[in-house]
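As structure tokens, the structure follows; a few thoughts come after it.
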Amino acid sequence: EDKVVQSPLSLVVHEGDTVTLNCSYEVTNFRSLLWYKQEKKAPTFLFMLTSSGIEKKSGRLSSILDKKELFSILNITATQTGDSAIYLCAVLFSNSGYALNFGKGTSLLVTP
Amino acid sequence: NAGVTQTPKFQVLKTGQSMTLQCAQDMNHNSMYWYRQDPGMGLRLIYYSASEGTTDKGEVPNGYNVSRLNKREFSLRLESAAPSQTSVYFCASRPTGNQPQHFGDGTRLSIL
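Quick mapping for you: the protein sequence lines, in order, are chains A and B. The first sequence begins at 32 in the numbering used here and counts up by one. The second sequence begins at 183 in the numbering used here and counts up by one.
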């Protein structure tokens with residue numbers, strides 16, 4: 032059975048801290064791994080990772096994929112209260128019309 | 183620049199009532215998806231449509247039907263609502279190829 036496991040499930044940090052969110056997967060027909068940020072409404076796209084070892088960066092956020100060990104990490108440096116959200120990891124696989132198989136998410140709270 | 187539009191945003195139903203959730207995208211995407219999100223469960227795929235004229239079951243299709251009315255619109259119908267279908271429903275669309283999905287803002291559905 033395909034699965035995507037995120038850890039930790041919840042995290043509370045202080046502004047300025049650095050956080051690392053983890054995502055491991057066991058998925059057949061793997062195409063890519065995606066990270067989304069979800070605040071009140073729609074998940075918003077952060078990164079898509081297809082190749083191992085290539086870091087994707089956007090401001091204070093970065094992510095990398097290890098296809099040999101089947102995991103990805105999402106790093107957030109110098110956290111701000113606006114980073115408080117649920118971070119979703121999802122794997123795109125070529126069955127089911129390229130649907131996404133989601134993990135349960137990591138709920139991040141950044142306190143002032 | 184609407185993207186993916188879902189209606190309604192909120193709905194309360196009584197057990198046994200029927201309801202159709204509407205979804206439309208203006209990005210000329212081929213594939214569309216319906217997910218449900220429950221606390222602690224992540225997003226789970228209900229149905230998807232890989233292209234206009236086709237629909238297929240996802241992970242949790244029981245109690246739902248879908249219609250891909252045209253390339254823009256993909257509706258989700260609950261024929262006889264049950265309390266277990268209380269959830270937040272997200273519609274998403276995706277262009278051809280290894281590309282991320284774009285999500286609507288969701289419909290929060292409560293069934294009493």
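Cβ coordinates follow ideal geometry from the N, Cα and C atoms, glycine included. Being a predicted model, the structure only gives us computed values, none of them experimental.
The C-beta separation of I95/A from S89/A comes to about 13 angstroms, leaving the pair out of contact by the 8 angstroms criterion.
Only those residues of the stretch 79-98 of chain A whose C-beta falls short of 9 angstroms from the nearest C-beta of chain B are listed: M79, T81. Of the candidates G245/B, S257/B, S200/B, G245/B places its Cα closest to the Cα of S266/B. Residues of chain B whose Cβ lies closer than 8 angstroms to the Cβ of F102/A do not exist, since the nearest Cβ in that chain is about 17 angstroms away. The beta-carbon separation of E234/B and R259/B, rounded to 18 angstroms, does not stay under the 8 angstroms limit for a contact. Apart from the 5 residues on each side of it in sequence, R91/A sits with its Cβ closer than 7 angstroms to the Cβ of I107, T108, A109 in its chain, given in chain order. Chain B has a Cβ within less than 7 angstroms of the Cβ of L65/A.
For the stretch 226-243 of chain B, the set of positions with a beta-carbon nearer than 7 angstroms to some beta-carbon of chain A reads L227, Y230, A232, D238, G240 in chain order. Listed by position along chain B, the residues whose Cβ is nearer than 8 angstroms to that of K72/A are D287, G288.
The Cβ atoms of L203/B and I293/B do not sit closer than 7 angstroms to each other.
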